[in-house]
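Enquirer:
Protein chains in written order, with my numbering: chain A, 1 to 172; chain B, 1 to 283.
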C-alpha cells in the first residue's frame, strides 16, 4: 500500500509540469500584469516547454505541446494551429540545443532561450501578418518576449528545485 | 568547414525526426499536422469550422470550471474589502440617492424628448428591443487580444456584430458565435473600430482600440477643437450598432484624443447582448 502511494505521488510529481502547461493554456490565469506595469507580460508556456524539452524530454511530450497549443488557440481566439506551431518551434530549438551542447547551465540555457523566443515569435508574426485579419501591436510582442527572457532564470530556478523532487526517467 | 555543416544538419535532422522513448510523434510530423490545421482554419473549411465550434463550447466551460478556485479567492478578497468599507459606502450611496432623485425629473423630460427625436431620425438599424443577459465565462487578459467569452451562443439568438453592453454602456460586439458560447471583441482591442458621435455639433469619428485601456478617436474633422469630458455615443453609421449607446468620456492627450470607457473592460462579470437585426452585408 505504501509503495503504491509512493508511486502515485511520484507519478503526480512527474506530471506537474505537464499539468501546469495545460492549466495555463486552458484557464483564465493571466501572465499579463498591466495593472502593475502597463507593458509587463510574459509567456510562461514557452518557458515551461523550453526548460523541460532541454532538461528531460520525457516530462513533456511533443504531442502534449501540440495539444496545449490548440487549446491555447481556442481560448485566446487565435487561428487554430498557430500556437502549436509556435510552441513546436520552441521545442525544436530546445531539441537542437540539447543535441549540440554537452553541459547544461543556467547561462547557456538562458542565452540559447533567446533563439527559441525569437524563432517562435517570428513564426507567430509571419503567420498572423500573412494569413490572418488579426492586428497585433509589434511593440507588445517585443515586450512580451523581453520579459519572458528576463524572467527565465526565475522559472529555471523553480523548475530546477522541483526536478529534484521528481524521479526522472532517462530519455534518449 | 564541411564537417561543421554536416554536424548542423545531423543535429537539425535529429531534433526534427527523433521520437525518443516516450515521444509518440516526431516534431516534423506535428509541424505538418499543425500547418494543415492552420490552413484548414484559414480557408474556413466547413468541417473544421463545425469542429472548432464544438471544441470551443466544451473548452470554454472547462476553462470556466478550471478557473473557479481562483475566482472564488478573488470574490472572497473583494467581499472582505467591501465589508470594511461598508459604512463609508453607505454614506456615499445615501448622498447619491438624493442626487439621483433630483435628476429623475430631468431624465423624464429628456426621455420624452428623446422618444420624439427618435421618431424624427429614421434609424437604419432595426431594434428588436430584446436583449439577453450573459455570464462572462472567460476573461483571459492577453497583451495582444482583448476579448471575453460569454455563455450565450446561437441557441440564444446571438449573431455576429450584435452590441454587448455592461449596464447601459457599450463594451464591445460579438465577433465569434458558437452554439452555446460567443466571443466579444472589446472596444479597447486593436481590431475594434466603432463609428461614434459626440459633442454639441454631433462630431463624427471612428473609435479605434489601441490595445491599452483607453481607445482613441480617429478620422476627426480637420477643424475639430479638442474638448475634454465630452460624452461619446455610438452613431450607428455602420448600420450594425444601435445609435446613441453611451461609450465613455473624451480625454485630451498631447497627440491624441482618447476615450475613458464608462465600463472597465477588465471588470466584467455579466453583460447584456442587444438582439438587434444585423445586416450581414454591413458586418
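Using N, Cα and C, we set each Cβ at its ideal position, and we do this for glycine too.
Just so we're clear, the structure is a prediction, and the values are computed from it rather than from any experiment.
Report the rounded CA-to-CA distance for residue 157 (chain B) versus residue 38 (chain B), giving the unit in angstroms.
Expert: Residue 157 (chain B) and residue 38 (chain B): Cα-Cα distance of roughly 29 Å.
Enquirer: Please state if the CB of residue 161 (chain B) and the CB of residue 152 (chain B) are separated by a distance shorter than 7 Å.
Expert: Cβ distance not < 7 Å, so residue 152 (chain B) and residue 161 (chain B) don't count as in contact.
Enquirer: Alpha carbon to alpha carbon, how far is residue 221 (chain B) from residue 234 (chain B)?
Expert: Each residue's alpha carbon lies about 17 Å from the other.
Enquirer: What are the boundary residues of the alpha helix (DSSP H) that residue 118 (chain A) is part of?
Expert: That run of the alpha helix (DSSP H) goes 106-131.
Enquirer: Run the CB neighbour count on residue 247 (chain B), radius 10 Å, all protein chains shown included, and call it buried at 16 or more, exposed below.
Expert: Buried is the call here.
Enquirer: Give me the chain A residues within the contact set of residue 16 (chain B), using Cβ-Cβ distance strictly less than 7 Å, ordered along the chain.
Expert: What residue 16 (chain B) touches in chain A: 92.
Enquirer: With a CB to CB cut of under 8 Å and the five nearest residues on each side skipped, what residues in its chain are close to residue 80 (chain A)?
Expert: Correct list, in chain order: 70, 73 and 74.
Enquirer: Can you round the beta-carbon distance between residue 185 (chain B) and residue 147 (chain B) to whole angstroms, since I take them to be within the 8 Å contact cut?
Expert: Sure, about 5 Å apart at Cβ, within 8 Å.
Enquirer: Take the Cβ of residue 82 (chain B) as the centre, count every other Cβ of all protein chains shown within 10 Å, and call the residue buried at 16 or more, exposed below.
Expert: Flag for residue 82 (chain B) reads exposed.
Enquirer: Does residue 44 (chain A) have its Cβ less than 7 Å from a Cβ in chain B?
Expert: Taking Cβ atoms only, chain B never reaches closer than 7 Å to residue 44 (chain A), which makes this a no.
Enquirer: Can you pull the chain B residues whose beta carbon is under 8 Å from the beta carbon of residue 149 (chain A), in chain order?
Expert: By Cβ distance, chain B contributes nothing, its closest Cβ being about 15 Å from residue 149 (chain A), past 8 Å.
Enquirer: Could you tell me whether the segment 100-109 of chain A touches the segment 134-148 of chain A, using the rule of 3 or more Cβ pairs below 8 Å?
Expert: Counting Cβ pairs under 8 Å, fewer than three are found: no touch.
Enquirer: Return the Cβ separation of residue 271 (chain B) and residue 171 (chain B) in integer angstroms, given the expectation that the two are a contact with Cβ distance under 8 Å.
Expert: Contact flag correct, Cβ pair sits at about 6 Å.
Enquirer: Mind checking which residues open and close the beta strand (DSSP E) that includes residue 76 (chain A)?
Expert: Segment 62-76 is the alpha helix (DSSP H) holding residue 76 (chain A); no beta strand (DSSP E) there.
Enquirer: Take the Cβ of residue 87 (chain B) as the centre, count every other Cβ of all protein chains shown within 10 Å, and call the residue buried at 16 or more, exposed below.
Expert: Exposed, by the Cβ-count rule.
Enquirer: Tell me whether the beta-carbon of residue 16 (chain B) lies closer than 7 Å to the beta-carbon of residue 62 (chain A).
Expert: Not in contact: residue 16 (chain B) and residue 62 (chain A) (Cβ atoms no closer than 7 Å).
Enquirer: Considering Cα atoms alone, identify which of A:109, A:57, A:8 and A:89 is closest to residue 284 (chain B).
Expert: Given that chain B is displayed from residue 1 to residue 283, the structure contains no residue 284 (chain B) and the question cannot be resolved.
Enquirer: 7 Å is my cut-off, CB to CB: does residue 18 (chain A) come that close to chain B?
Expert: No, residue 18 (chain A) lies away from the interface with chain B (no Cβ there is under 7 Å from its Cβ).
Enquirer: Using a 10 Å radius around the Cβ and a threshold of 16 neighbouring Cβ atoms, would you call residue 5 (chain A) buried or exposed?
Expert: Classification for residue 5 (chain A): exposed.
Enquirer: Find the nearest neighbour of residue 167 (chain B) within the set B:56, B:261 and B:66, judged by alpha-carbon distance.
Expert: For residue 167 (chain B), the nearest C-alpha among the options comes from B:261.
Enquirer: Would you say residue 175 (chain A) faces chain B, with C-beta separation under 7 Å as the test?
Expert: For chain A, the structure presents residues 1 to 172; residue 175 (chain A) sits outside this window and is missing.
Enquirer: Report the option in B:200, B:192 and B:227 whose CA atom is closest to the CA atom of residue 215 (chain B).
Expert: With distances taken between Cα atoms, residue 215 (chain B) lies closest to B:192.
Enquirer: By DSSP, does residue 13 (chain B) sit in helix, in strand, or in coil?
Expert: Residue 13 (chain B) falls in the helix class under three-state DSSP.
Enquirer: Measuring alpha carbon to alpha carbon, tell me which of B:182, B:108 and B:13 ends up nearest residue 61 (chain B).
Expert: Checked all of B:182, B:108 and B:13; the closest Cα to residue 61 (chain B) is B:182.
Enquirer: Going by DSSP in three states, residue 262 (chain B) sits in which element: helix, strand or coil?
Expert: Residue 262 (chain B): coil per DSSP, three-state reduction.
Enquirer: Given a threshold of 16 other Cβ atoms within 10 Å of its Cβ, counted over all protein chains shown, does residue 96 (chain A) qualify as buried or as exposed?
Expert: So residue 96 (chain A) ends up on the buried side.
Enquirer: Does the distance from the C-beta atom of residue 117 (chain A) to that of residue 149 (chain A) stay below 7 Å?
Expert: Yes. Within cutoff.
Enquirer: Tell me, which residues are paired with residue 87 (chain A) by DSSP?
Expert: Paired residues: none, contrary to the question.
Enquirer: 7 Å is my cut-off, CB to CB: does residue 209 (chain B) come that close to chain A?
Expert: Answer no: the Cβ-Cβ gap between residue 209 (chain B) and chain A never drops below 7 Å.
Enquirer: Identify which residue in A:114, A:27 and A:82 has its Cα closest to the Cα of residue 50 (chain A).
Expert: Of the candidates A:114, A:27 and A:82, the one whose C-alpha sits nearest the C-alpha of residue 50 (chain A) is A:114.
Enquirer: Does the contact criterion of 3 or more C-beta pairs under 8 Å hold for the segment 11-26 of chain A versus the segment 46-58 of chain B?
Expert: Too few Cβ pairs lie closer than 8 Å, so no.
Enquirer: Please tell me whether residue 287 (chain B) has its Cβ less than 7 Å away from any Cβ of chain A.
Expert: The structure shown does not extend to residue 287 (chain B), since chain B spans only 1 to 283, so no value can be given for it.
Enquirer: For residue 11 (chain B), decide whether its Cβ has a neighbour in chain A, counting only Cβ atoms nearer than 7 Å.
Expert: True, the Cβ-Cβ gap to chain A drops below 7 Å.
Enquirer: If you measure between the beta carbons of residue 218 (chain B) and residue 208 (chain B), is that distance less than 7 Å?
Expert: It is a contact, given that the beta carbons lie within the stated cut-off.
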